[in-house]
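Undergrad:
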Amino acid sequence: MQKLRKDLHEIQRRLHKEHTSLGRAVSQNEEICAGGELRQLAVDVRALRMDLTQVEFQLKKLSEEISRDHLAGMLQKHKTLQETTEAVTHEILDKHGRDLTIIFTDMKDFTKKSSEGNLVQMMAMLEEHDGILIPIIEQHGGTVIKKIGDALMASFEHPAHAVLAGTEIQRALQRHNQRFPDEAKKIQVRIGVNCGKVVVKDGDLYGDTVNLASRVEGLARAEQIFITDSVYQFIDINQIPCIKLPPQKVKGLEKEVQIYEVQY
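Counting in the working numbering, the sequence shown tops out at residue 1223, every number present.
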């Protein structure tokens, strides 16, 4: 099935190329057509182009039918629509996904501080936050994917790099906070890390791996780093000690998730 779809796609690509070339040929011929022979050639080329258009249309229909048949087969194989959706998602990830480690950070009580403090102070705090976190992430080979207010999402090629970045972030914030006895001026974040297949599209990341990383971050408290078992399998516990926590119930998942708290 996959080979047939791939072959059809290649045929469509070649036909489209020929279609375009013929279109240019028609335009060029019509420009220089002065005699009857050249006019006839232009007519013949146009007719051939119309034939190719029809072939392309039929191939597209056939490709769509194959896709429908494939989906229908999956619906028969799996008992529920949810199982089918999950199977299709996994198939997409297997074909087009990348193995990445996702880290989420979120600032403690930022919303409360925003309502109680003035806007200038909050913007200054966010700038300090970014000035500490972003360079550390980049120094460890990470890429900041997006920022939503006081929350930050980044990706790494290797789980250990993400965890090391997380520990350095927490240490840097502790040093920063020692300068401010006033709790309102302290920057404290919680961090969640997960790894697995993700879909990369338009500069953003999608998939269950991303969602779970966000959920794990939500389980942590300020100054904590929580990682999943998937991440734990890739790190050196002698270099990055961890405490195994009881399995956690995570929204959107039936099975509980094994979580570890990173010590730093």
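Think of the CB as a built atom: it goes at the ideal place given N, C-alpha and C, for glycine as much as any other residue.
1. What three-state label does DSSP hand arginine 1134 in the structure shown?
2. Sort Leu1204, Ile1196, His1088, Pro1206 by Cα distance to alanine 923 and report the nearest one.
3. Where does glutamate 1142 land, buried or exposed, given buried means 16+ other C-beta within 10 angstroms?
4. Look up alanine 1113 in the DSSP assignment and give the residues it is bridged to.
5. Kindly list the residues whose CB is nearer than 8 angstroms to the CB of serine 1073, restricted to its own chain and excluding five residues on each side of it in sequence; keep chain order.
6. Taking buried to mean at least 16 other C-beta atoms within 10 Å of its own C-beta, is asparagine 1153 buried or exposed?
7. In the structure shown, what three-state DSSP assignment does valine 1209 receive?
8. Can you grab the Cα-Cα spacing for the pair glutamate 1086 / alanine 1181, in whole Å?
9. Which same chain residues, not among the five before or five after valine 1159, have their C-beta less than 7 angstroms away from its C-beta?
10. Measure the Cβ-Cβ separation of valine 1148 and aspartate 1065 and say whether it is below 8 angstroms.
11. Indicate whether leucine 1204 and isoleucine 1218 have their beta-carbon atoms separated by less than 8 angstroms.
12. On the three-state DSSP scale, how would you describe phenylalanine 910?
13. Can you give the Cα-Cα distance for glutamine 1222 and aspartate 1161, rounded to whole angstroms?
14. Considering just the uninterrupted stretch of the alpha helix (DSSP H) at glutamate 1087, what are its terminal residues?
15. Quick check on alanine 1113: buried or exposed, where buried means 16 or more other Cβ atoms within 10 Å of its Cβ?
16. Are the Cβ atoms of valine 1103 and isoleucine 1095 separated by less than 8 angstroms?
17. Is the separation between the beta-carbon of glycine 1101 and that of alanine 1131 shorter than 8 angstroms?
18. Please report how far the alpha carbon of aspartate 1163 lies from the alpha carbon of lysine 1145, in whole angstroms.
19. With a 10 Å radius around its C-beta and 16 neighbouring C-beta atoms as the bar for buried, classify glutamate 1213 as buried or exposed.
20. Expressed to the nearest angstrom, what Euclidean distance is found between the alpha-carbon atoms of lysine 1106 and leucine 1171?
21. On the CB-based measure, 16 or more other CB atoms within 10 Å of its CB, does alanine 993 come out buried or exposed?
22. Candidates Asp1188, Lys1208, Lys1210: which alpha carbon is nearest cysteine 1201's?
23. Terminal residues of the continuous alpha helix (DSSP H) containing leucine 1171?
24. Quick one: residues in its chain with C-beta nearer than 7 angstroms to the C-beta of leucine 1092, no 5 flanking neighbours on either side, listed in chain order?
25. Given a cut-off of 8 angstroms on the beta-carbon distance, is the pair glutamate 1215 and proline 1206 in contact?
26. Measure how close the beta-carbons of valine 1157 and tyrosine 1165 come, nearest whole angstrom, since I'm counting them as under 8 angstroms.
27. By Cβ distance below 7 angstroms, which residues in the same chain neighbour alanine 1083 in space, the five residues on each side in sequence not counted?
TA: Considering the structure as presented:
1. DSSP places arginine 1134 in helix when its eight states are reduced to three.
2. Any question about residue 923 goes unanswered here, given that the chain covers just 960 to 1223.
3. Glutamate 1142 counts as exposed, since fewer than 16 other beta carbons sit within 10 angstroms of its beta carbon.
4. The partner list for alanine 1113 (beta bridge, DSSP) reads Ile1062, Val1103.
5. Answer for serine 1073: Met1081, listed in chain order.
6. Residue environment analysis places asparagine 1153 among the buried positions, since at least 16 neighbouring C-beta atoms fall within 10 angstroms of its C-beta.
7. Here valine 1209 sits in coil by DSSP.
8. So the alpha carbons of these two residues sit roughly 19 angstroms apart.
9. The residues Arg1057, in chain order, have a CB closer than 7 angstroms to that of valine 1159 in the same chain once the five nearest residues on each side in sequence are set aside.
10. Yes, the pair counts as a contact, with Cβ atoms nearer than the cut-off.
11. For the 8 angstroms CB-CB criterion, leucine 1204 and isoleucine 1218 form a contact.
12. What the structure shows of the chain is the stretch from 960 to 1223, and residue 910 is not part of that stretch, so it cannot be assessed.
13. One C-alpha to the other measures close to 35 angstroms.
14. Counting along the chain, glutamate 1087 sits inside the alpha helix (DSSP H) bounded by residues 1078-1098.
15. The Cβ neighbour count for alanine 1113, taken over all protein chains shown within 10 Å, is at least 16; the residue is labelled buried.
16. Result no, Cβ atoms of valine 1103 and isoleucine 1095 do not sit closer than 8 angstroms.
17. Note that the C-beta distance between glycine 1101 and alanine 1131 is not below 8 angstroms.
18. Taking the CA atoms as reference points, aspartate 1163 sits about 30 angstroms from lysine 1145.
19. It is exposed - the Cβ of glutamate 1213 has fewer than 16 other Cβ atoms within 10 Å.
20. If you take the alpha carbons of lysine 1106 and leucine 1171, they lie about 18 angstroms apart.
21. Because alanine 993 carries a pLDDT of 44, less than 50, the predicted location of this residue cannot be relied on, and no value is offered for it.
22. When only C-alpha atoms are compared, the closest one is Asp1188.
23. Secondary structure note for leucine 1171: its alpha helix (DSSP H) is the uninterrupted segment 1167-1178.
24. Contacts found: Thr1064, Leu1111, Ile1128.
25. Yes. Within cutoff.
26. Contact holds; Cβ gap of about 7 angstroms.
27. Around alanine 1083: no qualifying Cβ.
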